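Protein chains in written order, with full-length UniProt numbering: chain A, 1 to 144; chain B, 1 to 144; chain C, 1 to 383; chain D, 1 to 383.
Below: one structure, written as structure tokens.
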Ligand SMILES: Cc1ncc(COP(=O)(O)O)c(C=O)c1O
Ligand SMILES: Cc1ncc(COP(=O)(O)O)c(C=O)c1O
Ligand code: FES
Ligand code: FES
């Protein structure tokens, strides 16, 4: 179990470090912002996105306090990158406005989390989930 | 180099013991009765025999003192069994009469030296060499 | 790190290493076993002793054991060897969909050369029945190749019942026993298998050495696949790897003495582990048929496979077979059992062995429960 | 016992054994190198390091090295693999009469499958000239397979000159370098060989492991001969024998550092031994061509082969190649050089290596002189 042989025992599968440390936190003691808000929590907007074959799904809940995000929850079914994407977006969204959220794109996610080419769709899921959330929110605000 | 693994370091090729000890003596310090008598030694009879393809040859010289063998020499070109045959006959012949010598046959040689089936022709060479020797001797005695 | 991957490979037993050492140090058994001089003869004698040890565990004669570089080679030699000897064109082979890759790929290769192959589908329990095999026979069937114990689910086929049925019908039977030897009772005196493959590294011996049993009476005939100096009765050329062979012999000798008790102990550990997972709902044990003691294959609903494996990075377990897990494809074995891609991918093979302790088993089960629960708690598809 | 049979096999260097140990003991590199977990990754990394070491000695890229069970398998894979890939029927192969049995037997097998093979006869010096090879080429020639260094007489072929000539003509060249690696300078960056076989146990590494170099640019294409899980880029399936591979890597690394000086030292010992035999008349050195440093093959007139060997039972030397000496037939290599059966049979191969001392060489030469003289003195065919 030495690094001598090129294997980092703390990250044996050799995921990009930002992905791995997020994932580890999520499946470790401190799964911050994982889960869902209690049903009926006021100000919550929700968005969901998946891969075409629906093999992975990312679900995002943002609780708005006025125009800004006060708290966030995510759930993910997918590879560690998809979990990292959900976790990162949840943290990042805090204190941001809807227009700031709208600016988030997959490229940015890939950069921040060092998501490799063959995992690009995990990042896209993040962008799509935010977009879906914002669309539903603007829909419901126009409706009321 | 332990017998534990089934190999006798003193006889690694696993020759029958009587063959091997004769051969060892012949190629060791004490090559008794190997060679030829000095040319012109009186009373010497000679016989030679070989395998069909002449791949091995056994040569026997017996020095008679009256009717009995006083000394003997052999030379062999062939496998260790053929050398053992020559050596054994040379020793065995000492003190014997021509009629006793005539009684020696291959079966006997094979028994005494434990010569295996696939080496039978080495024993035959011994019998043939004695026969050739006796034939030449009786021929020369009739001539004189 | 808890090692629960004994079906992928077993660590070398320290006693085996000790037996190998004379063949690895100066003035030992380092000569070429084919050399005609004293050190060569000694090496040869050590090889023959090991051959007898391997034969003994299987109930075979020493002269029926051909050393190879492993079960992959043994399987290749057996299957291609028989078909080449019999003539390839039109020949028919019966095997199963859940054989090891080296059997399947060999069969696929033979198909490109004109052979016909039937790949039997296992029942939901993971086993191929003798009846299925008999039904698949045709007048052209040259060979049945079936594994004794499956490497992914541990299920054993009823070779004891199948073998005499094939013998009666004059059809050759090859058995891949890489996972079986030393773990279940094999007695080739009683079970008329014609060809049988084994590997040392599944049995606490060294990697890179195996054997093929080739029955003498009646003689199983096959064409060699490695041409050369005519070692191994002409069936497998190449300088004999004395230390490897001696190690395999020692490993099989230990199994002959300790295998039965060990199998019991390991089966108990496996059940203990399975009990330990009962805190989780919606998990499925794959392969309900009679099985070898060492493998437990479990599918976990509601978690994604890659994250499941990543979350258990401190357990050395396998998803599917080691050979295919690099290619991230869900196990073809589990799919043949009827699991969908999703669930097949969310499955783990836990395999237990000589050095597994109850403490390790308990810790591992606890860890699996915890991580599955955590992943489920953050899963968008779990309620 | 004086060991002068380094061409049959070399003892394992103690440093190599030391390098292997982590792959042979608990908590080391014992996992399956194909397993997707930390211990598996560590084993894999050790394998890759060894691959780089093997490549380095040959002037190759790591990705051009395929591990096999030895040079026998490498030769089988190269020759059958190329011909299978190209299509067997009508294909033509050029090789020589004095190749190792595993090349000759493979070629003979291919002849039964429809290929045509030309077996070149060496000159009296034991070498095959590039011109001979070029003369033998036909438009159908798919492969030339030629050894770099002959195992019985040590003569080296001029592969450096031959390789570019074949490259120009678009003919693939396979070289059996089992006796060459580490003993002569091999630089595949400069010498455009397409496929090259090596073996660890001729180079102070473990028996049962070897490699085939398969050039990437231009790519040498061949069909795999061992089907299975797709290890080794799909060219050679079967669980990787980590300890064996690590040992081969360490052995080749040592040769990279020490091989040149060692070759000089060994060549000097060989000449010293040859000088030591000069007390004997009517002896003949077989193979006068340029040679690798380690082999001296001598024919002794007037003594019979079997008795000669038996009288030197305390020397570990070889008559002909180890593979064929069990069959007691006179060496086909010496016969190809023009020796008659008788003299070929009365020949010994002395081969020297890393652990040979001047004292051993002197004692052995003295012993040979003595025993040859004794056998001659009792020979019925010597005067
Ligand atoms: C059932 C089965 N057959 C064959 C093999 C191949 O054996 P080896 O690794 O010795 O080539 C294995 C293991 O890898 C196996 O589990
Ligand atoms: C020239 C040559 N080729 C091939 C081989 C076979 O190598 P291995 O023993 O690794 O199968 C040998 C040695 O036996 C050899 O000397
Ligand atoms: S969820 Fe498909 S790679 Fe991340
Ligand atoms: S001389 Fe031919 S076997 Fe004895």
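Just so it is clear, CB atoms sit at the ideal spot from N, CA and C, and this is done for glycine as well.
Being a predicted model, the structure only gives us computed values, none of them experimental.
* Asked: Relative to the alpha-carbon of residue 41 of chain C, which residue among B/120, B/8, B/90 and B/43 has its alpha-carbon at the smallest distance?
  -> Position 41 of the third chain, counted from the start, is the residue given in the question as residue 41 of chain C. Checked all of B/120, B/8, B/90 and B/43; the closest Cα to residue 41 of chain C is B/8.
* Asked: Three-state secondary structure (DSSP) at residue 56 of chain A?
  -> For the purposes of this step, residue 56 of chain A is taken as the residue at position 56 of the first chain. If DSSP states are grouped into helix, strand and coil, residue 56 of chain A belongs with coil.
* Asked: Which whole runs of the alpha helix (DSSP H) in the segment 349 to 381 of chain D are 4 residues long or more, in chain order?
  -> 358 to 377
* To do: List the residues of chain A that residue 254 of chain C touches, going by C-beta distances under 8 Å, in chain order.
  => The residue labelled residue 254 of chain C in the question sits at position 254 within the third chain. What residue 254 of chain C touches in chain A: nothing, since even the nearest Cβ is about 27 Å away.
* Asked: Thinking C-beta only, is residue 213 of chain C closer than 8 Å to residue 240 of chain C?
  -> Residue 240 of chain C sits at position 240 when you count from the first residue of the third chain. Residue 213 of chain C sits at position 213 when you count from the first residue of the third chain. No. Outside cutoff.
* Under 8 Å between C-beta atoms, does residue 206 of chain C make it to chain D? -> Position 206 of the third chain, counted from the start, is the residue given in the question as residue 206 of chain C. Judged by the 8 Å Cβ criterion, residue 206 of chain C is in contact with chain D.
* So, is the C-beta of residue 115 of chain A closer than 8 Å to a C-beta in chain D? -> The residue you call residue 115 of chain A lines up with position 115 of the first chain. For residue 115 of chain A, the answer is no, since every Cβ of chain D falls outside 8 Å of its Cβ.
* To do: Give every residue whose Cβ lies closer than 5 Å to any heavy atom of ligand 4, listed in chain order.
  => B/56, B/78, B/79, B/81, B/82, B/119 and B/122
* **residue 72 of chain C, DSSP secondary structure in three states** => As a first step, residue 72 of chain C must be located in the third chain, where it is residue number 72. Helix, per DSSP.
* Hey, residue 133 of chain B and residue 35 of chain B: beta-carbon distance below 8 Å or not? -> As a working note, residue 133 of chain B is residue 133 in the second chain. As a working note, residue 35 of chain B is residue 35 in the second chain. Not in contact: residue 133 of chain B and residue 35 of chain B (Cβ atoms no closer than 8 Å).
* Asked: Does the beta carbon of residue 47 of chain D sit closer than 8 Å to a beta carbon anywhere in chain C?
  -> Within the fourth chain, numbered from 1, the residue matching residue 47 of chain D stands at position 47. Taking Cβ atoms only, chain C never reaches closer than 8 Å to residue 47 of chain D, which makes this a no.
* In chain G, which residues lie less than 8 Å from residue 280 of chain D when you measure between Cβ atoms? -> Among the protein chains of the structure shown, namely A, B, C and D, there is no chain G.
* Asked: When DSSP labels each residue in this structure, what does residue 67 of chain D get in the three-state scheme?
  -> Taking the fourth chain and counting its residues from 1, one reaches residue 67 of chain D at position 67. In the structure shown, residue 67 of chain D sits in a strand (DSSP, three-state: E or B).
* To do: List the residues of chain D that residue 109 of chain B touches, going by C-beta distances under 7 Å, in chain order.
  => The count along the second chain starts at 1 and reaches residue 109 of chain B at position 109. Those do not exist, as residue 109 of chain B stays about 17 Å from chain D at its closest Cβ, beyond 7 Å.
* Asked: Under a Cβ-count criterion, where at least 16 other Cβ atoms within 10 Å of its own Cβ denotes burial, should residue 35 of chain C be classed as buried or exposed?
  -> If you number the third chain from 1, residue 35 of chain C lands on position 35. Burial call: buried.
* Asked: Around the C-beta of residue 299 of chain D, are 16 or more other C-beta atoms found within 10 angstroms, so that it is buried, or is it exposed?
  -> As a working note, residue 299 of chain D is residue 299 in the fourth chain. By the neighbour-count rule (16 or more Cβ atoms within 10 Å), residue 299 of chain D is buried.
* Asked: residue 19 of chain A CB to nearest chain D CB: under 8 Å?
  -> Translated into the one-based positions of the first chain, residue 19 of chain A becomes position 19. Chain D, which has no Cβ nearer than 8 Å to the Cβ of residue 19 of chain A, makes this no.
* Find the residues of chain D that neighbour residue 9 of chain A, judging by a C-beta separation of less than 7 Å, and give them in chain order. => Here the question's residue 9 of chain A lines up with position 9 in the first chain. Near residue 9 of chain A (Cβ distances below 7 Å), the residues of chain D are 38.
* To do: Can you have a look at residue 121 of chain C and say buried or exposed, based on whether 16 or more other CB atoms are within 10 angstroms of its CB?
  => For the purposes of this step, residue 121 of chain C is identified with residue 121 of the third chain, where counting begins at 1. Exposed, because fewer than 16 other Cβ atoms sit within 10 Å of the Cβ of residue 121 of chain C.
* To do: Quick one: using the 10 Å Cβ neighbour count with 16 as the cut-off for buried, is residue 73 of chain C buried or exposed?
  => By one-based count along the third chain, residue 73 of chain C stands at place 73. Counting Cβ neighbours within 10 Å, residue 73 of chain C comes out buried, since at least 16 surround it.
* Bridge partners - residue 316 of chain D, DSSP secondary structure assignment -> Residue numbering aside, residue 316 of chain D sits at position 316 when the fourth chain is read from its first letter. DSSP lists D/3 as partners of residue 316 of chain D.
* Say whether chain D places a C-beta atom closer than 8 Å to the C-beta of residue 201 of chain C. => Position 201 of the third chain, counted from the first residue, corresponds to residue 201 of chain C. Chain D contact via Cβ: present.
* Asked: Do we get a CB-CB distance below 8 Å when we pair residue 381 of chain C with the residues of chain A?
  -> Counting from one through the third chain, the residue named residue 381 of chain C turns up at place 381. Closer than 8 Å: yes.
* Distance, Cα to Cα, residue 277 of chain D vs residue 369 of chain D? -> Taking the fourth chain and counting its residues from 1, one reaches residue 277 of chain D at position 277. Taking the fourth chain and counting its residues from 1, one reaches residue 369 of chain D at position 369. Taking the straight line joining both Cα atoms gives about 6 Å.
* Length-filtered (3 minimum) beta strand (DSSP E) runs lying within the segment 145 to 182 of chain D -> 172 to 176
* Quick one: residues in its chain with C-beta nearer than 8 Å to the C-beta of residue 76 of chain C, no 5 flanking neighbours on either side, listed in chain order? => On the third chain, position 76 is the one that residue 76 of chain C refers to. Contacts found: 102, 106 and 225.
* Could you tell me the distance, in whole angstroms, from the CA atom of residue 145 of chain A to the CA atom of residue 116 of chain A? => No answer is possible for residue 145 of chain A: it lies beyond the span of chain A, which begins at 1 and ends at 144.
* Asked: Under the three-state reduction of DSSP, which class applies to residue 46 of chain B: helix, strand or coil?
  -> Counted from its first residue, the second chain places residue 46 of chain B at position 46. Strand.
* Would you kindly report the start and end of the unbroken beta strand (DSSP E) that includes residue 298 of chain D? => Taking the fourth chain and counting its residues from 1, one reaches residue 298 of chain D at position 298. Taken as a continuous stretch (DSSP letters only), the beta strand (DSSP E) holding residue 298 of chain D covers 295 to 300.
* Please decide whether residue 12 of chain B counts as near chain C, where near means a Cβ-Cβ distance under 8 Å. => For the purposes of this step, residue 12 of chain B is identified with residue 12 of the second chain, where counting begins at 1. Interface residue, yes.
* To do: Any chance you could list the alpha helix (DSSP H) runs of at least 4 consecutive residues sitting entirely within the segment 21 to 67 of chain C, in chain order?
  => 38 to 58
* Could you pull the start and end residues of the beta strand (DSSP E) that residue 215 of chain D belongs to? => Here residue 215 of chain D is taken as the residue at index 215 of the fourth chain, counted from 1. Element bounds for residue 215 of chain D: n/a, residue is neither H nor E.
* Thinking C-beta only, is residue 4 of chain C closer than 8 Å to residue 350 of chain C? -> By one-based count along the third chain, residue 350 of chain C stands at place 350. By one-based count along the third chain, residue 4 of chain C stands at place 4. Yes, the Cβ-Cβ distance between residue 350 of chain C and residue 4 of chain C is below 8 Å.
* Taking only beta-carbon positions, decide if residue 322 of chain C is within less than 8 Å of chain D. => For this step, residue 322 of chain C is matched to residue 322 along the third chain. The predicted position of residue 322 of chain C is uncertain, since its pLDDT is 42 and thus under 50; a value taken from the coordinates is nonetheless stated next. Among the residues facing chain D, residue 322 of chain C is included, as its CB has a counterpart in that chain under 8 Å away.
* To do: Look up residue 17 of chain B in the DSSP assignment and give the residues it is bridged to.
  => The residue given as residue 17 of chain B occupies position 17 in the second chain. Note: residue 17 of chain B sits in no beta bridge, so no partner.
* Distance, Cα to Cα, residue 93 of chain A vs residue 69 of chain A? -> Translated into the one-based positions of the first chain, residue 93 of chain A becomes position 93. Translated into the one-based positions of the first chain, residue 69 of chain A becomes position 69. Roughly 6 Å separates the two Cα atoms.
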